[in-house]
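Just so we're aligned, residue 1 is where the sequence shown starts under full-length UniProt numbering, counting upward by one.
Here a beta-carbon is modelled for each residue, glycine too, at the ideal position from N, C-alpha and C.
One structure is given here, and the rest of the page talks about it.
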Amino acid sequence: LNLTLIDAIEVLQKCLEARQQFRVFLFFRLPNLRKEIEKCARNTNKSGDLLSAVTKPKVIYEKPLHLLGRGDAAVEITSSAIPQRYRLVDCKALTENTVLRICEFTDFPVVAYCAISYVWRNLRIGKSFVEGGDGVEFDVKGAEEADPINTDVLYHACMASLRRGCTHLWLDRLCIMQTSKDDKRWQIKEMYRMYQSCSVCVVLAGGLQYMVSLEEETAWIHRGWTLQEALAPPIIEVLFAWKLHSGRAIAATEVVPNQSAVTSLSLLLKTCTTGVMSFIRDGHSNSLMVEAKIFSAYPMQHTYNDIPFWRPTRKIFSPNVAALCIAMDNDMDEDTKLYAIWKSALMRTSSRPVDMVFSIMGLFGVTLDPICFTKDDRLSATIALARAILEKGGRATWLGASFKLPPCKQLPTFSVFPRTQVAGKALFKGQEVSEMMDSEYHCPGALVPFPQGSMDKNGFFTFTAKAVRV
Numbered sequence: 001l002n003l004t005l006i007d008a009i010e011v012l013q014k015c016l017e018a019r020q021q022f023r024v025f026l027f028f029r030l031p032n033l034r035k036e037i038e039k040c041a042r043n044t045n046k047s048g049d050l051l052s053a054v055t056k057p058k059v060i061y062e063k064p065l066h067l068l069g070r071g072d073a074a075v076e077i078t079s080s081a082i083p084q085r086y087r088l089v090d091c092k093a094l095t096e097n098t099v100l101r102i103c104e105f106t107d108f109p110v111v112a113y114c115a116i117s118y119v120w121r122n123l124r125i126g127k128s129f130v131e132g133g134d135g136v137e138f139d140v141k142g143a144e145e146a147d148p149i150n151t152d153v154l155y156h157a158c159m160a161s162l163r164r165g166c167t168h169l170w171l172d173r174l175c176i177m178q179t180s181k182d183d184k185r186w187q188i189k190e191m192y193r194m195y196q197s198c199s200v201c202v203v204l205a206g207g208l209q210y211m212v213s214l215e216e217e218t219a220w221i222h223r224g225w226t227l228q229e230a231l232a233p234p235i236i237e238v239l240f241a242w243k244l245h246s247g248r249a250i251a252a253t254e255v256v257p258n259q260s261a262v263t264s265l266s267l268l269l270k271t272c273t274t275g276v277m278s279f280i281r282d283g284h285s286n287s288l289m290v291e292a293k294i295f296s297a298y299p300m301q302h303t304y305n306d307i308p309f310w311r312p313t314r315k316i317f318s319p320n321v322a323a324l325c326i327a328m329d330n331d332m333d334e335d336t337k338l339y340a341i342w343k344s345a346l347m348r349t350s351s352r353p354v355d356m357v358f359s360i361m362g363l364f365g366v367t368l369d370p371i372c373f374t375k376d377d378r379l380s381a382t383i384a385l386a387r388a389i390l391e392k393g394g395r396a397t398w399l400g401a402s403f404k405l406p407p408c409k410q411l412p413t414f415s416v417f418p419r420t421q422v423a424g425k426a427l428f429k430g431q432e433v434s435e436m437m438d439s440e441y442h443c444p445g446a447l448v449p450f451p452q453g454s455m456d457k458n459g460f461f462t463f464t465a466k467a468v469r470v
């Protein structure tokens, strides 16, 4: 392997973490090793402490939580941060010292960190999960259009992170220079790596202003960026308001006693297809029926203890949930999962149309340069993504994502692009796109296997396949 010094240290750290399960033999080639060591030494003025040179971050922001706020008191890191750097929130500083500390890394961080998946805006229906809580709401300079961040929610997120052994937390709102276009463009290209390399991803489906319970519907499954955030990490958990303590049936593990808990995203998605889950509290034998519609809403007018025989059995998944479940299923073949990604993306929305492409490109092993596209240029970005996929030998797994939506006039092998918005659902002529999708994978007898070929700069797809005369 040809690795940089930092890459080698990352690999060695992962091997050390797995040393009890595997015996690993590695051979590294480190070109210009002396120069790299001298560079690290110059950066730290400690020629003998190589590991410290690579891993020690710089604190660029530190302030007590009670001093955070909105307006002039909003968090601002531009004056102290350097563009195109990695940044993480210190979980222990926040939970133990009630201080927001943001650290900046010159190279990709080797510390264990948790990545947060959330929506920038969410319709607030319920009440705060902390009764009488004294959490402070604050903004971030350059991102004032988003819901404010509540320090109580941030505390619970850090506790969920520490529960998994992660000392740091990655939250785009705090870890990206929101007033710097240069940093934003670079961070977009690094986004997939940030989620892929985290130890765990924690989903805050209701956003950062307050934490929802399982019975409250959220917009999380309708947002463009959350698709990548659900598929790239090795472990994905949902953090939610919870007062029933830990238990089994569907595993719910308390994070903060009598306030919050986590469970697996895949399990919760499947639970949302029936609308209820059976839960048995630790130390009890009786089960409770808990409503779950955090990712899909169905009316329910009964209590936790009612047996759900009154509810019609759902024969199929809702298209939103089905597409994500298929994309997350490791037992599915690769083309089926990629097909599900295109379907899921079609039912999602974002404030910037071009982000509908940037938010999934990493899932196809593609990195586009954001500087080449305007915020509304979803068409050109889609063509660029499709061309890159085909050039790598990939298949046109976007074909037939929806047989009910009309084709795009400028790019006829794709369905028409739904209207995008910062909140809400993907719409076409006022109708939810999810209502124009089916949950079959694939469409029986059609487009299997998906064709390979090439696409020109105008979006015309050329491929070779058998055909019949009509």
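Practice task
Could you name the residues that DSSP lists as bridge partners for tryptophan 170?
Solution key: Locating residue 170 in the sequence shown gives position 170, where the first residue counts as 1. Paired residues: Ala115.
Exercise for the section: Determine the DSSP secondary structure at glutamine 410, reduced to helix, strand or coil. Expected result: For the purposes of this step, residue 410 is taken as the residue at position 410 of the sequence shown. Coil.
Problem - Stretch-stretch touch, CB-based, cutoff 8 Å, three pairs: the stretch 199-208 with the stretch 319-331 - result: no
Exercise for the section: Report buried or exposed for serine 119, applying the criterion of at least 16 other Cβ atoms within 10 angstroms of its Cβ. Expected result: Residue mapping note: residue 119 aligns to position 119 of the sequence shown, counting from 1. Per the sequence presented here, residue 119 reads as valine, with serine not at that position. Burial call: buried.
Problem - Limits of the beta strand (DSSP E) - the one that tyrosine 61 falls within - result: Position 61 of the sequence shown, counting from 1, holds the residue named residue 61. Note, tyrosine 61: beta strand (DSSP E), 58-64.
Problem - Beta-carbon gap between lysine 343 and alanine 323 smaller than 9 Å - result: As a working mapping, residue 343 is identified with position 343 in the sequence shown. As a working mapping, residue 323 is identified with position 323 in the sequence shown. Yes, the pair counts as a contact, with Cβ atoms nearer than the cut-off.
Practice task
Indicate whether arginine 395 and leucine 338 have their beta-carbon atoms separated by less than 9 Å.
Solution key: Counting from one through the sequence shown, the residue named residue 395 turns up at place 395. Counting from one through the sequence shown, the residue named residue 338 turns up at place 338. Yes, they are a contact pair.
Handout entry: valine 468 (DSSP reduced to helix, strand or coil)
Key = Counting from 1 along the sequence shown, the entry for residue 468 is found at position 468. Valine 468: coil per DSSP, three-state reduction.
Exercise for the section: Counting only runs of 4+ residues fully inside the stretch 129-164, write out the alpha helix (DSSP H) ranges in chain order. Expected result: 151-163
Problem - Residue(s) in a DSSP beta bridge with phenylalanine 295 - result: Within the sequence shown, numbered from 1, the residue matching residue 295 stands at position 295. Paired residue(s): none; phenylalanine 295 is not in a bridge.
Problem - CA-to-CA distance, serine 434 to proline 449, given in whole angstroms - result: The residue labelled residue 449 in the question sits at position 449 within the sequence shown. The residue labelled residue 434 in the question sits at position 434 within the sequence shown. Spanning the two alpha carbons is a distance of roughly 25 Å.
Problem - Cβ-Cβ distance between alanine 115 and tyrosine 195 below 9 Å - result: Sequence index remark: in the sequence shown, residue 115 carries index 115 (1-based). Sequence index remark: in the sequence shown, residue 195 carries index 195 (1-based). Yes, the pair counts as a contact, with Cβ atoms nearer than the cut-off.
Exercise for the section: Closer than 8 Å by C-beta to residue 491: which residues in its own chain qualify, once you throw out the five before and the five after it? Chain order, please. Expected result: Because the chain in this structure spans residues 1 to 470, residue 491 falls outside the shown range and cannot be described.
Handout entry: arginine 314 to valine 255 span [Cα, whole Å]
Key = Here the question's residue 314 lines up with position 314 in the sequence shown. Here the question's residue 255 lines up with position 255 in the sequence shown. With a pLDDT of only 41 at arginine 314, under 50, the local geometry of the prediction cannot be trusted, and no value is derived from it.
Practice task
Can you say whether alanine 467 is buried or exposed, counting buried as having 16 or more other CB atoms within 10 angstroms of its CB?
Solution key: Within the sequence shown, residue 467 is the residue found at index 467, counting from 1. The residue in question, alanine 467, is exposed, as its Cβ has fewer than 16 Cβ neighbours within 10 Å.
Handout entry: Option nearest glycine 283 by Cα separation, candidates His245, Cys272, Ser350 and Ile77
Key = Locating residue 283 in the sequence shown gives position 283, where the first residue counts as 1. Ranking His245, Cys272, Ser350 and Ile77 by Cα distance to glycine 283 puts His245 first.
Problem - Alpha-carbon to alpha-carbon, lysine 58 and tyrosine 113 - result: By one-based count along the sequence shown, residue 113 stands at place 113. By one-based count along the sequence shown, residue 58 stands at place 58. Whole-angstrom Cα-Cα distance: 16 Å.
Practice task
Excluding the 5 residues preceding and the 5 following alanine 340 in the sequence, name in chain order all residues of the same chain whose CB lies nearer than 6 Å to its CB.
Solution key: Position 340 of the sequence shown, counted from the start, is the residue given in the question as residue 340. The answer, listed in chain order, is Ala323, Ile326 and Ala327.
Exercise for the section: Could you please give the first and the last residue of the uninterrupted alpha helix (DSSP H) stretch that includes aspartate 90? Expected result: Translated into the one-based positions of the sequence shown, residue 90 becomes position 90. Counting along the chain, aspartate 90 falls outside any alpha helix (DSSP H), though it belongs to the beta strand (DSSP E) covering 86-90.
Problem - Cβ-Cβ separation, leucine 239 to histidine 156 (assumed contact under 8 Å), whole Å - result: Residue numbering aside, residue 156 sits at position 156 when the sequence shown is read from its first letter. Residue numbering aside, residue 239 sits at position 239 when the sequence shown is read from its first letter. Confirmed, Cβ separation roughly 6 Å.
Handout entry: Spatial distance of leucine 411 from glutamate 190 (CA atoms)
Key = Here residue 411 is taken as the residue at index 411 of the sequence shown, counted from 1. Here residue 190 is taken as the residue at index 190 of the sequence shown, counted from 1. Roughly 28 Å separates the two Cα atoms.
Problem - glutamate 104: first and last residue of the uninterrupted beta strand (DSSP E) it sits in - result: Within the sequence shown, residue 104 is the residue found at index 104, counting from 1. Taken as a continuous stretch (DSSP letters only), the beta strand (DSSP E) holding glutamate 104 covers 99-105.
Practice task
Quick one: using the 10 Å Cβ neighbour count with 16 as the cut-off for buried, is valine 290 buried or exposed?
Solution key: Position 290 of the sequence shown, counted from the first residue, corresponds to residue 290. Buried, because 16 or more other Cβ atoms sit within 10 Å of the Cβ of valine 290.
Practice task
Apply the 10 Å Cβ neighbour rule to proline 257 and answer buried if 16 or more other Cβ atoms are within range, or exposed otherwise.
Solution key: Taking the first residue of the sequence shown as 1, we reach residue 257 at position 257. Flag for proline 257 reads exposed.
Exercise for the section: Compare the beta carbon distance of histidine 222 and glycine 362 with 9 Å and say whether it is the shorter of the two. Expected result: What you label residue 222 is simply residue 222 of the sequence shown in a count that begins at 1. What you label residue 362 is simply residue 362 of the sequence shown in a count that begins at 1. It is not a contact, given that the beta carbons lie outside the stated cut-off.
Practice task
Using 10 angstroms around the beta-carbon of arginine 101, count the other beta-carbons present and answer buried if the total reaches 16, otherwise exposed.
Solution key: For the purposes of this step, residue 101 is taken as the residue at position 101 of the sequence shown. Per the 10 Å Cβ criterion, buried.
Problem - Cross-strand partners of valine 202 (DSSP beta bridge) - result: For this step, residue 202 is matched to residue 202 along the sequence shown. DSSP lists Ile116 and Glu237 as partners of valine 202.
Handout entry: Cut-off 7 Å between Cβ atoms - residues of its own chain near glutamine 178, not counting five sequence neighbours on either side
Key = Along the sequence shown, one-based indexing puts residue 178 at 178. Around glutamine 178: Val140, Lys141, Gly142 and Ala143.
Practice task
Measure the C-alpha to C-alpha separation of aspartate 456 and leucine 405 and round it to an integer number of angstroms.
Solution key: As a working note, residue 456 is residue 456 in the sequence shown. As a working note, residue 405 is residue 405 in the sequence shown. If I take the Cα positions, the gap works out to 24 Å.
Practice task
Determine the contact status of alanine 73 and phenylalanine 138, defining contact as a CB-CB distance below 9 Å.
Solution key: The sequence position of residue 73 within the sequence shown is 73, counting from 1. The sequence position of residue 138 within the sequence shown is 138, counting from 1. In contact: alanine 73 and phenylalanine 138 (Cβ atoms closer than 9 Å).
Problem - Nearest neighbour of tryptophan 242, chosen from Pro234, Arg185 and Gln259 [CA to CA] - result: Counting from one through the sequence shown, the residue named residue 242 turns up at place 242. It is Gln259 whose Cα lies nearest to the Cα of tryptophan 242.
Handout entry: alpha helix (DSSP H) runs wholly inside the stretch 330-380, at least 4 long, in chain order
Key = 334-346 and 355-358
Practice task
Could you check what DSSP says for serine 434 in three-state terms: helix, strand or coil?
Solution key: Here residue 434 corresponds to residue number 434 of the sequence shown, with the count starting at 1. Helix, per DSSP.
Exercise for the section: Under 7 Å Cβ to Cβ from glutamate 131, same chain only, skipping five residues before and after it: list those, please. Expected result: The residue labelled residue 131 in the question sits at position 131 within the sequence shown. With a pLDDT of 48 at glutamate 131, under the threshold of 50, the modelled position of this residue cannot be trusted, and the question is left open.
Practice task
Report yes if the C-beta distance between leucine 88 and valine 111 is below 9 Å; otherwise report no.
Solution key: For this step, residue 88 is matched to residue 88 along the sequence shown. For this step, residue 111 is matched to residue 111 along the sequence shown. Result yes, Cβ atoms of leucine 88 and valine 111 sit closer than 9 Å.
Problem - As assigned by DSSP and simplified to three states, the class of serine 266 - result: In the sequence shown, the residue the question calls residue 266 occupies position 266. The answer is helix: DSSP assigns serine 266 an H, G or I state.
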